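Counting from 9, one number per residue, gives the positions in the sequence shown under my numbering. The beta-carbon is built from N, C-alpha and C at its ideal position, and this holds for glycine as well. Everything numeric in this text was worked out from a predicted model, so none of it was measured. What follows is a single structure, written as structure tokens, with notes after it.
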Amino acid sequence: MGNLMHTNPGWKKKIAIAFGTSIGNAFGTFLILIVWTLFKEIPALMVISILFSSVILLKLSEESFELFLKQKKSFIKIRMPVGLLQNQLDFVNNLFRPILKFFVPDLNLTRTKKLSFINLIVFSFTIPFILGINDFAGYIPLFEYVNVFGFTLGVMLGHMLLTIGLFMLPKKTVSVVKHPIVLIGGGLAFLAIAIFGFYESFKILISII
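See below:
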């Protein structure tokens with residue numbers, strides 16, 4: 009969203025981006041709720057969805073570490089271990105690249121787009137629609153322990169606050185989201201939930217067998 013607002017300045021363009029991203033986030037979120045409701049009764053499908061979700065989270069974790077490493081002057085002492093971890097994740101994610109390219113947006117995609125009002129709404133819809141799916145797909149392993157609808161409300165609230173921040177203080181909001189601590193924390197969180205997802209999949213498979 010921050011990159012889109014930077015390359016498409018003006019209040020009309022901001023409204024288009026906010027409208028498109030809000031609708032896209034809502035549709036992606038509710039689609040995953042439907043999938044969760046259907047799949048949770050079928051263990052085999054549940055295993056597939058959790059494994060797929062965990063793979064997506066590994067990619068999101070790698071991208072968080074990659075963004076951190078691009079900030080060359082920050083947290084010098086931990087750059088080496090973060091770099092090693094990012095390289096390992098890159099190796100694993102390359103194995104799944106043919107699938108991941110359809111579900112994880114390109115980080116550079118929104119930096120060169122200058123679109124009309126209508127096209128901006130449509131394009132803005134697609135990014136959070138995919139991210140909304142990724143968010144909930146990634147957190148499917150946690151739904152066994154967390155209230156699903158409470159989590160839905162939290163995601164909606166988070167998107168609303170992010171949109172408000174990008175409208176009121178766009179530069180400040182983007183700088184906070186790209187802060188090294190936020191990037192490292194997010195990357196580690198994605199990685200931890202992905203590992204937890206693989207563990208949950210193994211447990212379900214054992215129970216089926």
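Element boundaries [alpha helix (DSSP H), containing residue i]
| i | result |
| --- | --- |
| G194 | P188 to I216 |
| K109 | From DSSP, K109 is part of no alpha helix (DSSP H); its letter is neither H nor E. |
| S124 | No alpha helix (DSSP H) contains S124, which DSSP labels as neither H nor E. |
Alpha-carbon to alpha-carbon, residue j and residue i
| i | j | result |
| --- | --- | --- |
| I64 | M176 | 31 Å |
| T134 | A197 | 24 Å |
| I216 | L59 | 16 Å |
| P178 | A34 | 22 Å |
| K20 | A26 | 10 Å |
| M54 | I107 | 18 Å |
| L93 | L161 | 32 Å |
| I84 | F125 | 42 Å |
| V130 | K22 | 13 Å |
| Y207 | A52 | 15 Å |
| I50 | I86 | 43 Å |
| V185 | I201 | 20 Å |
| F104 | G195 | 18 Å |
| I40 | V100 | 25 Å |
| G173 | L213 | 43 Å |
| V43 | K180 | 36 Å |
Whole-Å CB distance - residue i paired with residue j, under 8 Å assumed
| i | j | result |
| --- | --- | --- |
| F76 | I203 | About 19 Å; that fails the 8 Å criterion. |
| G205 | S61 | 6 Å |
| G32 | L128 | So it is not a contact: roughly 12 Å between Cβ atoms. |
| S30 | T171 | 7 Å |
| Q79 | P188 | 6 Å |
| L199 | S82 | No, L199 and S82 are not in contact; Cβ-Cβ is about 20 Å, not under 8 Å. |
| T37 | V163 | 6 Å |
(message) Which runs of the alpha helix (DSSP H) at least 4 residues long sit entirely within the region 41 to 87? Give them in chain order.
(response) 51 to 78
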